[in-house]
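Worksheet: one structure, shown below.
2 protein chains.
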Amino acid sequence: MSLKLHNFFRSSTSTRLRTALNLKGLDYEYVPYVLRDGETRTVQYLAKNPQGLVPTLETSDGAFLTQSLAIIEWLDEKHPEPALLPADPDERARVRALSYMIASEIHPLNNLRVLFQLRDQFGADEAAQKEWFTHWVATTFDPFETALNTSDQTGKYCHGDTPTMADICLHAQVWNNKRFDIPTEQWPTIARIQSELDQVPAFAKAVPSKQPDAA
Amino acid sequence: MSLKLHNFFRSSTSTRLRTALNLKGLDYEYVPYVLRDGETRTVQYLAKNPQGLVPTLETSDGAFLTQSLAIIEWLDEKHPEPALLPADPDERARVRALSYMIASEIHPLNNLRVLFQLRDQFGADEAAQKEWFTHWVATTFDPFETALNTSDQTGKYCHGDTPTMADICLHAQVWNNKRFDIPTEQWPTIARIQSELDQVPAFAKAVPSKQPDAA
Numbered sequence: 001m002s003l004k005l006h007n008f009f010r011s012s013t014s015t016r017l018r019t020a021l022n023l024k025g026l027d028y029e030y031v032p033y034v035l036r037d038g039e040t041r042t043v044q045y046l047a048k049n050p051q052g053l054v055p056t057l058e059t060s061d062g063a064f065l066t067q068s069l070a071i072i073e074w075l076d077e078k079h080p081e082p083a084l085l086p087a088d089p090d091e092r093a094r095v096r097a098l099s100y101m102i103a104s105e106i107h108p109l110n111n112l113r114v115l116f117q118l119r120d121q122f123g124a125d126e127a128a129q130k131e132w133f134t135h136w137v138a139t140t141f142d143p144f145e146t147a148l149n150t151s152d153q154t155g156k157y158c159h160g161d162t163p164t165m166a167d168i169c170l171h172a173q174v175w176n177n178k179r180f181d182i183p184t185e186q187w188p189t190i191a192r193i194q195s196e197l198d199q200v201p202a203f204a205k206a207v208p209s210k211q212p213d214a215a
Numbered sequence: 001m002s003l004k005l006h007n008f009f010r011s012s013t014s015t016r017l018r019t020a021l022n023l024k025g026l027d028y029e030y031v032p033y034v035l036r037d038g039e040t041r042t043v044q045y046l047a048k049n050p051q052g053l054v055p056t057l058e059t060s061d062g063a064f065l066t067q068s069l070a071i072i073e074w075l076d077e078k079h080p081e082p083a084l085l086p087a088d089p090d091e092r093a094r095v096r097a098l099s100y101m102i103a104s105e106i107h108p109l110n111n112l113r114v115l116f117q118l119r120d121q122f123g124a125d126e127a128a129q130k131e132w133f134t135h136w137v138a139t140t141f142d143p144f145e146t147a148l149n150t151s152d153q154t155g156k157y158c159h160g161d162t163p164t165m166a167d168i169c170l171h172a173q174v175w176n177n178k179r180f181d182i183p184t185e186q187w188p189t190i191a192r193i194q195s196e197l198d199q200v201p202a203f204a205k206a207v208p209s210k211q212p213d214a215a
């Protein structure tokens, strides 16, 4: 199977997908895009991904899959081992809820195009962007920490002792937080799990600084 | 099975869940919360949902499920008929991607707490909030329209001829757009599907104006 990952080293949604592909042991061709140069706004790229966003996964039969969590679910259905979601519906609901807390409540508010819109519409400078970014991380990391430290389903990782989609989202977000130097230690369970994840090769290899297009 | 839906009539994530429960033919107890009065920030509610957000689905065995799309996937796993996702992995990926375009790229940017943050941090008045809201709807509805009108998988609804999770997200978002009087006609395929959905009782019964706590 020949997979192509259209992505950008610093994009946290791209990081999620690199981690998932690594966990599944799937090889892929790394196709980098420079967002600032508009490389995802070309007619060619928009035909692959009408939103002009990364990542896009090009499959061996030439299909283009978009939206990182939709692609992770697809990978989990096409390549069930190792599973990125538990088998039990109640447990799946917990892992998905943790994943969406990050994917729907932090990342969409803090990505580059939103920071640009704040700058363009409200004149937000770097300090105001940092305040905004930090606000939304804390707004969700506080209850995320509570969800972890009040559940006996939390294990070595967010859910049990094997990495799940929730860990994939968390790890990429903590990496993304480095952009504005947000210390993780204020959330002790998150910090503990992050250091566990840093030791898993599939996660360690996926981080932005290890990618071919890293500055 | 006795289900309780902790929700708010105007919340579009609550609307999604009401629609899903209606489609599945599941009865539920409607438990309303007044967001402006802080009813989702009480100690009692935070024990159910650490984020202090609606909706929360309380199951018959006393579990509290959070995050609307995680709950919809759970409903689809526990009550498979009628299916809200197709059976084929490639088709599931398309339906999830369409769902996440709305759930991760529009709604998180435009909900009440974000508009309040814009007001508090940047002094955004009603007009500036409308500009912001409209910007993010158009940013994603434009490629959403393209994804629909360039695919032969689009049918009577977003994917084929039976309602899926993507329709649930779309219908609630178009309803949410009424807050700032955004006309749907500029996206003809979206407008066509929305009028189809309006005729499906499970969707029609779920809209904000039909709920017991509607003003």
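Sequence order for the protein chains is A and B. Using full-length UniProt numbering, you'd call the opening residue of the first sequence number 1 and step up by one each time. Using full-length UniProt numbering, you'd call the opening residue of the second sequence number 1 and step up by one each time. All C-beta atoms in this analysis are idealised placements derived from N, C-alpha and C, irrespective of residue type, glycine included.
- Using a Cβ-Cβ cut-off of 8 Å, M165(B) is close to nothing in chain A; its nearest Cβ partner there is about 11 Å away.
- Inside the UniProt domain "GST N-terminal" (1-83) of chain A, DSSP marks whole alpha helix (DSSP H) runs of 4 or more residues at positions 12-23, 43-48 and 68-78, from first to last along the chain.
- The Cβ neighbour count for S104(B), taken over all protein chains shown within 10 Å, is at least 16; the residue is labelled buried.
- Among the residues of chain A, those whose CB is under 9 Å from the CB of V114(B) are L109 and W136, following chain order.
- The distance from the Cβ of H171(A) to that of F203(A) is about 5 Å, consistent with a contact at the 8 Å cut-off.
- Here the region 82-102 of chain B lies against the region 63-71 of chain A, with 3 or more beta-carbon pairs under 8 Å apart.
- T154(B) sits in a strand when the DSSP states are folded into three classes.
- Residue environment: E73(B) is assigned as buried (16 or more neighbouring CB atoms within 10 Å of its CB, all protein chains considered).
- The alpha helix (DSSP H) runs lying completely inside the UniProt domain "GST C-terminal" (88-215) of chain A and spanning 4 residues or more are 89-105, 107-110, 112-122, 126-149, 165-177, 188-198 and 201-204, given in chain order.
- Between the alpha carbons of Y30(B) and N111(A) lies a gap of roughly 36 Å.
- Residue contact with chain A for A127(B): absent (no Cβ-Cβ distance below 8 Å to any residue of chain A).
- Between T15(A) and W136(A), the CB-CB gap reaches or exceeds 8 Å.
- Of all residues in the region 61-84 of chain B, the ones placed with a Cβ closer than 8 Å to any Cβ belonging to chain A are A63, L65, T66, Q67, L69, A70, I71, E73, W74, E77 and K78, in chain order.
- Contacts with chain B (Cβ-Cβ distance below 9 Å) from the region 139-150 of chain A involve T139, T140, D142, P143, F144, E145, T146, A147 and T150, listed in chain order.
- Residues of the same chain with a CB within less than 6 Å of the CB of K205(A), apart from the 5 flanking positions on each side, are N22 in chain order.
- Cβ neighbours of S11(B) within its own chain (closer than 6 Å, five residues either side excluded): V54.
- Taking F141(B) as reference, the option from P201(B), L98(B) and R119(B) with the minimal CA-CA separation is L98(B).
- When Cβ pairs closer than 8 Å are counted between the two stretches, the region 114-133 of chain A is seen to touch the region 112-123 of chain B, the count reaching three or more.
- P82(A) is positioned such that its CB atom lies closer than 8 Å to that of T162(A).
- Of all residues in the region 185-206 of chain B, none is placed with a Cβ closer than 9 Å to any Cβ belonging to chain A.
- Going by C-alpha positions, P201(B) is about 32 Å away from P50(A).
- Here Q194(A) is buried: its Cβ has 16 or more other Cβ atoms, across all protein chains shown, within 10 Å.
- Legend: CB atoms of the region 85-103 of chain B lying less than 9 Å from CB atoms of chain A belong to residues P89, D90, R92, A93, R94, V95, R96, A97, L98, S99, Y100, M101 and A103.
- Under the Cβ criterion of 8 Å, W175(B) is not counted among the residues facing chain A.
- Cβ contact annotation for G52(B) (same chain, cutoff 6 Å, sequence separation greater than five): T40, R41 and L46, in chain order.
- The C-alpha of P108(A) lies about 14 Å from the C-alpha of Q129(A).
- The beta carbon of A124(A) falls within 8 Å of a beta carbon belonging to chain B, placing the residue at that interface.
- Taken atom to atom, the span from the alpha-carbon of Y100(B) to that of Q44(B) is near 30 Å.
- Around the CB of A166(B), 16 or more other CB atoms lie within 10 Å, so the residue is classed as buried.
- The beta carbons of H159(B) and P208(B) sit about 25 Å from each other, so the pair does not count as a contact at 8 Å.
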